[in-house]
Ligand code: ADP
Ligand code: ADP
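In the UniProt record's numbering, the protein residues as written are 3 to 226.
Written out as structure tokens, the structure is:
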């Protein structure tokens with residue numbers, strides 16, 4: 003069973019008095035353990051597609067299935083529960099909470115999902131360790147380098163052991179060398195955990211490291 007199945011997604015935005023059709027019958031199937039690069043020019047609708055796939059937004063029409071469950075017919079509470087338990091997000095900017103340590107930033111989403119603090123801390127340390135960041139556990143985001151901040155954001159995305167990782171230019175803010183290193187770590191963690199991942203990137207080098215590449219063009223997914 004696929005981790006993520008998108009079918010017939012359409013989505014328009016109002017632009018002045020016109021409607022801009024960003025998604026127009028977009029579909030995609032992501033198998034368990036598969037890592038797909040989502041490419042396409044800026045403004046093609048990659049962020050919109052990821053937000054719909056992660057249940058942060060609704061499509062105008064079409065279907066989103068996560069682990070086989072049709073998410074369109076669910077209550078908002080149920081969608082939130084699925085998002086928290088099954089989906090990890092990584093954005094271009096880390097969005098870590100500045101007043102909390104690296105470890106706390108990974109512990110908090112677990113506690114929100116109902117994991118006791120002690121257990122969440124064990125998992126948090128384990129994830130930081132896998133990113134080589136255990137010595138930084140008690141540092142706040144402002145005390146970390148850009149690459150370290152993004153590693154913490156990746157660890158946070160995996161904190162609740164999701165089945166699906168969605169990432170939007172996850173290393174887009176980093177210098178090319180750091181981006182490559184952090185990206186490899188991301189792929190290593192995702193492969194190690196056997197997650198399905200859909201990763202938007204402008205970078206063809208990074209796209210080539212994934213299992214396959216799909217292009218969002220004129221609102222549709224083209225499989226190359
Ligand atoms: P990408 O991630 O590929 O750069 P986006 O999904 O961010 O593309 O945006 C696709 C298009 O939709 C852009 O023209 C953008 O301005 C527009 N857009 C995205 N979100 C909104 C929104 N909430 N309201 C209006 N327009 C939007
Ligand atoms: P990227 O191009 O890196 O994907 P954007 O800056 O286009 O990122 O979009 C970042 C976020 O802002 C996305 O969630 C997108 O849906 C939203 N967004 C993009 N364009 C608009 C817009 N014109 N109005 C409102 N929200 C937008």
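Heads up, the beta-carbon is just placed ideally off N, CA and C, and yes, glycines get one too.
Take the Cβ of residue i as the centre, count every other Cβ of all protein chains shown within 10 Å, and call the residue buried at 16 or more, exposed below.
i           : result
residue 179 : exposed
residue 117 : buried
residue 170 : buried
residue 100 : exposed
residue 63  : exposed
residue 43  : exposed
residue 47  : buried
residue 18  : exposed
Report yes if the C-beta distance between residue i and residue j is below 9 angstroms; otherwise report no.
i           : j           : result
residue 212 : residue 189 : yes
residue 52  : residue 195 : no
residue 108 : residue 149 : no
residue 191 : residue 133 : yes
residue 114 : residue 158 : no
residue 24  : residue 15  : yes
residue 69  : residue 3   : yes
Leaving out the 5 sequence neighbours to the left and right, which residues in its chain are closer than 8 angstroms to residue i when beta-carbon positions are compared?
i           : result
residue 105 : 123, 126, 127, 130, 139, 140
residue 227 : Coverage of the chain is limited to positions 3 through 226, which leaves residue 227 absent and any answer about it impossible.
residue 27  : 10, 11, 12, 64, 221, 222
residue 59  : 13, 50, 53
Does the distance between the C-beta of residue i and the nearest non-hydrogen atom of ligand 4 fall short of 8 angstroms?
i          : result
residue 46 : As for ligand 4, it is missing from this structure, which binds only ligand 1 and ligand 2.
CA-CA distance, residue i and residue j?
i           : j           : result
residue 207 : residue 173 : 12 angstroms
residue 21  : residue 93  : 27 angstroms
residue 75  : residue 54  : 14 angstroms
residue 38  : residue 222 : 15 angstroms
residue 209 : residue 215 : 7 angstroms
residue 90  : residue 160 : 6 angstroms
residue 121 : residue 162 : 11 angstroms
residue 111 : residue 164 : 12 angstroms
residue 40  : residue 136 : 31 angstroms
Which same chain residues, not among the five before or five after residue i, have their C-beta less than 7 angstroms away from its C-beta?
i           : result
residue 2   : It is not possible to answer for residue 2, since the shown part of the chain is limited to 3 through 226.
residue 151 : 96, 98, 143
For residue i, which residues from the same chain have a beta carbon less than 6 angstroms from its beta carbon, with the 5 sequence-adjacent residues on both sides left out?
i           : result
residue 185 : 173, 208
residue 199 : 37, 167, 192
residue 294 : It is not possible to answer for residue 294, since the shown part of the chain is limited to 3 through 226.
residue 225 : 216
Counting only runs that start and end within the stretch 118 to 172, where is the alpha helix (DSSP H) found for 4 or more residues in a row? Taken in chain order, the whole alpha helix (DSSP H) runs of length 4 or more contained in the stretch 118 to 172 are 119 to 132, 148 to 160.
Which parts of the stretch 181 to 225 are runs of the beta strand (DSSP E), unbroken and 3 residues or longer, counting only runs that do not cross its ends? With a minimum length of 3 residues, the continuous beta strand (DSSP E) runs that stay inside the stretch 181 to 225 are 198 to 202, 214 to 219, 222 to 225.
Unbroken stretches of the beta strand (DSSP E), 3 residues or longer, contained in the stretch 26 to 98: Secondary structure in the stretch 26 to 98: the beta strand (DSSP E) runs of 3 residues or longer, each lying completely within the stretch, are 37 to 41, 63 to 68, 89 to 92 in chain order.
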